[in-house]
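There are 2 protein chains.
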Amino acid sequence: MASDKKQPRPKAVTPKGFQDYFGADVTERAAMLAKIAAVYHRYGFDALETSAVETVEALGKFLPDVDRPNEGVFAWQEDADWLALRYDLTAPLARVAAQYRNDLPSPYRRYAMGPVWRNEKPGPGRFRQFYQCDADTVGAASVAADAEICAMLADCLEEVGIARGDYVIRVNNRKVLNGVLEVAGLSGDDKDAERGIVLRAIDKLDRLGVAGVRALLGEGRKDESGDFTKGAGLSQAQADVVIGFMEAKRDTGAATVARLAELVAGSPIGVAGVAELDEIAGLLSAQGYGPDRIVIDPSVVRGLGYYTGPVFEAELTFEVTDEKGRLRNFGSVAGGGRYDDLVKRFTGQEVPATGVSIGVDRLLAALRATGRITSASAGPVIVTVMDRAHMADYQTMVAELRKAGIRSEVYLGNPKNFGNQLKYADKRASPVAIIAGGDEFAKGVVQIKDLILGAQIAKNATLEEWKDRPSQYEVSRDQMVAKVRAILDGQG
Amino acid sequence: MASDKKQPRPKAVTPKGFQDYFGADVTERAAMLAKIAAVYHRYGFDALETSAVETVEALGKFLPDVDRPNEGVFAWQEDADWLALRYDLTAPLARVAAQYRNDLPSPYRRYAMGPVWRNEKPGPGRFRQFYQCDADTVGAASVAADAEICAMLADCLEEVGIARGDYVIRVNNRKVLNGVLEVAGLSGDDKDAERGIVLRAIDKLDRLGVAGVRALLGEGRKDESGDFTKGAGLSQAQADVVIGFMEAKRDTGAATVARLAELVAGSPIGVAGVAELDEIAGLLSAQGYGPDRIVIDPSVVRGLGYYTGPVFEAELTFEVTDEKGRLRNFGSVAGGGRYDDLVKRFTGQEVPATGVSIGVDRLLAALRATGRITSASAGPVIVTVMDRAHMADYQTMVAELRKAGIRSEVYLGNPKNFGNQLKYADKRASPVAIIAGGDEFAKGVVQIKDLILGAQIAKNATLEEWKDRPSQYEVSRDQMVAKVRAILDGQG
């Protein structure tokens, strides 16, 4: 066309930071989400699907995670309104809980799964669209609601294929931490800066170790590069309280609770937090969720600005090899806790809420890393085309195979070069090829090729035992489906 | 808070033209899509999930539908790039087919399902986000690929619950129409305006009838409001050719093909189109897809600017009552056809492609209209809370019920007012409530209330036969699960 010259061709590229998912990457995730949805449903949670688009006003402009206050959303103006893509599934829930508050049951248990969008700088392993899979209970103040979410999370992990013993759900309580800060003399309004430093220091325990955290609690710390981070300036005694909290985990939940109770003695909020932890542990163990699955662990401090009571995190405890070849625990795949301010933004009324978010991509990666997803060769049986005039016969063959539940297809490219058809079958990971030309139609037979066995024979051609094994069979036309079924069953 | 006064509260509203979906609306759609995906998969199609966001450059700015050239997309600028939400699933497929052309199998059969976004003026029943569910074959020039899509569409409809006889798939060919225009003397480059008027007129047959279309083919037509639409200015003889085409459908496919062959005699493209129609019908009938399911119908003229060969449309033939109380055929739920130019935009190379798009919301509405979705009361069993001190026991009860696969939950609101708990159970459409207080725990029993039967008894309280029927049972604690199961089974 004349216009081809004037207009340059568009580039066929995935936008930066986004991804395309093919085949098993799509279906395996869908299968995992369906299993999780079934557990959520069994627990009485109802599905909710809000639109991807919200008004910026309803969404709030920024993510709640205090560590990244500038993380943005994708937003644009429509007439007078600013619209944006949701950045999580909790903000839309808050909007729905406020908007439909007279119609929804209370408490409202809902689950949601779907993509969310973050306007972050793209980077390795950092995507601008990814799946979340949440369950929340809105309107239940009782810690029984938190305990239920923890139990449900354990059930979800086992349902998708994480074995008991390969995960642990760690539970803590934000109020205990507040109590510790109070005991350490850090509860006044004028201590905001110190509290911030202490919280960030605790969060770095994994990376810096106790000595590093202690430095940050005191005068400060010089890192490997020589940069100096100013500390909170706590006294030795104050720092001891905080370190004591971080190291409060004991062998049993009861012992941990007792140790925490000592640490927060004298702080009403701290005492209340310890009582809640104790109650959750009691509720869970009565239902059979003992410390082999759910433990009290004071080192869990997540999303500190967001949560107001119990917080929890699911960690996979088996080891995998990281990108630098080191063995390490797989780590966190889900987390959540109690939050009370989200609906208040809309209505002015405080509504207690608690929930969990499962990291869909992380959990899927874990299942793949441990071979829990046996991605069976789901390639189709290929009916090759030897003679285009017989197309109706070939299509009738696949119709029969499909009716028997066997995934199959006719080769629909140019059939002239038979080698291309076999290459295509190879690319599709086809387990079986069917071949029928003029001779076969005249005799009322088909040739059936076991492609998996054929590949093995080719690989082992020099070995005596493989030499004479046939991988192609001639069967009468009416035995085709049965023979294909037998070959597939034999392939496992 | 002090800041509450300064900052007005955000409005909790769904953005204009968008929707929230609750409970069964989400799960029923998911179940329907899973069934369709299974059929697509059985036909050898592979899943593809592209991101919601594309570059405007890759997407093209406008929808292909000629009837709405100004229909827009949601777009915004990111640094140097313009990004936009996809408006269908075909444009991203074209991008993927070009981008990965060296890695994908050829032909490439892919299916995709997910939301798409249209920046349209919102209106009744017109939404700015909705689901599409497509299957396409890229790289197959043979009409066997079109026939396969038609057969697959029939299988999909039956798989989700549309009975044979309640649907028909109509097949036509764009080339036949081109041939008819050629025979009518409308094939020259200078006849572009006339062709446009003729095509739009044919598309209005349903609404205007033959007389109305004839007026538009001739001088023009004054509608009920008095507005005049200029016609194509065809002669009587020219108009007869076009009308003959629209009325070419005969009782059998062979007769229709013969009639079309008469009409396009002398037009090479028309003759080729008729031959393709004949071949498709032959391929389908050989596989058992006869005229009870798939028919040749020249009145199908869809997306005219877009398609280059076979076009098809699935129509549900049963009657429903429309919003004005009139009986009418349910109408179209899916359509598609062959298109060749989409990948060419990127690579300059023409790649033959054919595909189908199922209207997810329309098909779901059809299943609901005909009672094909029996939305079983999926409400949970409610374990009420008579005594908060027994929370661990209540949670143990639901844990047992869930382990038996029974959807259930503990009431987690404030338990003080028992009436509220029963109101909640009602709102959740609970089939069964469990009640246990101090007396029951002391005796080792629970009360089990059949809420469905209870409601029936309440409704029929004056009738003798209902009077003495019990709807509440006391059973020993260890019989709880068995009794609940028996009640649920009895409720069907």
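Chains F and Y are the protein sequences, given in the same order.
The numbering of the first sequence is the working numbering, which starts it at 1 and goes up by one.
The numbering of the second sequence is the working numbering, which starts it at 1001 and goes up by one.
Using N, Cα and C, we set each Cβ at its ideal position, and we do this for glycine too.
The structure displayed is predicted, hence computed values, not measured ones.
Residues of its chain near residue i, where Cβ-Cβ distance is below 6 angstroms and the 5 sequence neighbours each way are ignored
i, result
"M480 of chain F", "V446"
"G437 of chain F", "M386 and D387"
"E1028 of chain Y", "I1373"
"R68 of chain F", "Because the pLDDT of R68 of chain F is 41, which lies under 50, any placement of that residue in the model is unreliable, and the number read from its coordinates should be weighed accordingly. Excluding positions up to five away in sequence, the list is empty."
"R95 of chain F", "A58"
"A1328 of chain Y", "The amino acid occupying residue 1328 of chain Y in the given sequence is Arg; Ala does not appear at that position. Once the five neighbours on either side are set aside, the close Cβ partners of R1328 of chain Y are D1322."
"I435 of chain F", "T384 and Q447"
Contacts that residue i makes with chain Y (C-beta to C-beta distance below 9 angstroms)
i, result
"Y43 of chain F", "P1380, V1398, R1402, R1407, S1408 and E1409"
"A47 of chain F", "Y1021, F1022, G1023, A1024, D1025, V1026, T1027 and A1030"
"K230 of chain F", "Chain Y residues near K230 of chain F: none, gap ~29 angstroms exceeds 9 angstroms."
Pair within 7 angstroms by beta-carbon distance, residue i and residue j
i, j, result
"V1333 of chain Y", "G1359 of chain Y", "yes"
"I487 of chain F", "V432 of chain F", "yes"
"R1338 of chain Y", "T1308 of chain Y", "yes"
"K175 of chain F", "A75 of chain F", "no"
"V495 of chain F", "L263 of chain F", "The requested residue 495 of chain F does not occur in the structure, where chain F is confined to residues 1 to 492."
"A515 of chain F", "A1369 of chain Y", "The structure shown does not extend to residue 515 of chain F, since chain F is modelled only from 1 through 492, so no value can be given for it."
"L1277 of chain Y", "V1257 of chain Y", "yes"
"Q287 of chain F", "T1384 of chain Y", "no"
"Y473 of chain F", "I448 of chain F", "yes"
"Y1100 of chain Y", "Y1040 of chain Y", "no"
"A1392 of chain Y", "Y1289 of chain Y", "no"
"A1232 of chain Y", "L1208 of chain Y", "no"
"G188 of chain F", "P122 of chain F", "no"
Cut-off 7 angstroms between Cβ atoms - residues of its own chain near residue i, not counting five sequence neighbours on either side
i, result
"L153 of chain F", "I169, A314, A334 and V356"
"S476 of chain F", "G444 and V445"
"P1092 of chain Y", "T1050, E1054 and R1086"
"S299 of chain F", "L205, M246 and K249"
"G270 of chain F", "K175, V176, N178, G179, V180, E182, V183 and V264"
"D1166 of chain Y", "L1316, T1317 and F1318"
"D1227 of chain Y", "none"
"G220 of chain F", "F228, T229, K230 and G231"
8 angstroms Cβ shell around residue i - same chain, five flanking residues per side excluded
i, result
"P1107 of chain Y", "T1137, V1138, G1139, A1140 and A1145"
"T354 of chain F", "D136, T137, A140, A145, D146, I149, G309, P310, G336, G337, R338 and Y339"
"L33 of chain F", "M113, Y131, C133 and V360"
"E1400 of chain Y", "M1480 and V1481"
"Q1019 of chain Y", "F1127 and Q1129"
Local conformation of residue i per DSSP, three classes
i, result
"R1469 of chain Y", "coil"
"R109 of chain F", "strand"
"T1396 of chain Y", "helix"
"Q287 of chain F", "coil"
"P1010 of chain Y", "coil"
"R328 of chain F", "strand"
"Y1043 of chain Y", "coil"
"D493 of chain F", "Nothing about residue 493 of chain F can be read from this structure; chain F reaches only from 1 to 492."
"Q1491 of chain Y", "helix"
"G244 of chain F", "helix"
"T256 of chain F", "helix"
"D1004 of chain Y", "In this prediction, D1004 of chain Y has a pLDDT of 47, which is less than 50 and means its spatial position is unreliable; nothing more can be read from the coordinates."
"P1298 of chain Y", "coil"
"P1431 of chain Y", "coil"
"V1475 of chain Y", "strand"
"I373 of chain F", "coil"
Interface partners of residue i on chain F, CB under 9 angstroms
i, result
"V1356 of chain Y", "Residues of chain F passing the Cβ test: none, with the nearest at roughly 15 angstroms."
Assumed close pair residue i, residue j - CB separation to whole angstroms, cut-off 8 angstroms
i, j, result
"V1056 of chain Y", "N1119 of chain Y", "Rounded, the Cβ-Cβ distance is 12 angstroms, inconsistent with contact."
"T1252 of chain Y", "P1291 of chain Y", "7 angstroms"
"D1046 of chain Y", "G23 of chain F", "5 angstroms"
"V398 of chain F", "V484 of chain F", "The Cβ separation is near 11 angstroms, so there is no contact."
Cross-chain neighbours of residue i in chain F, by beta carbon under 8 angstroms
i, result
"Q1129 of chain Y", "S51, A52 and V53"
"F1074 of chain Y", "V53, W76, E78 and L83"
"Q1491 of chain Y", "Per Cβ cutoff of 8 angstroms: no residues; Q1491 of chain Y is ~17 angstroms from chain F at best."
Proximal residues of chain F, C-beta to C-beta of residue i below 7 angstroms
i, result
"L1557 of chain Y", "Because chain Y in this structure spans residues 1001 to 1492, residue 1557 of chain Y falls outside the shown range and cannot be described."
"E1057 of chain Y", "P10 and K11"
Proximal chain Y residues relative to residue i, where beta-carbon distance stays under 7 angstroms
i, result
"V96 of chain F", "D1020"
**Asked** Between the stretch 1427 to 1461 of chain Y and chain A, which residues of the former have a C-beta closer than 8 angstroms to a C-beta of the latter?
**Response** Structure shown: chain A not included; protein chains present are F and Y.
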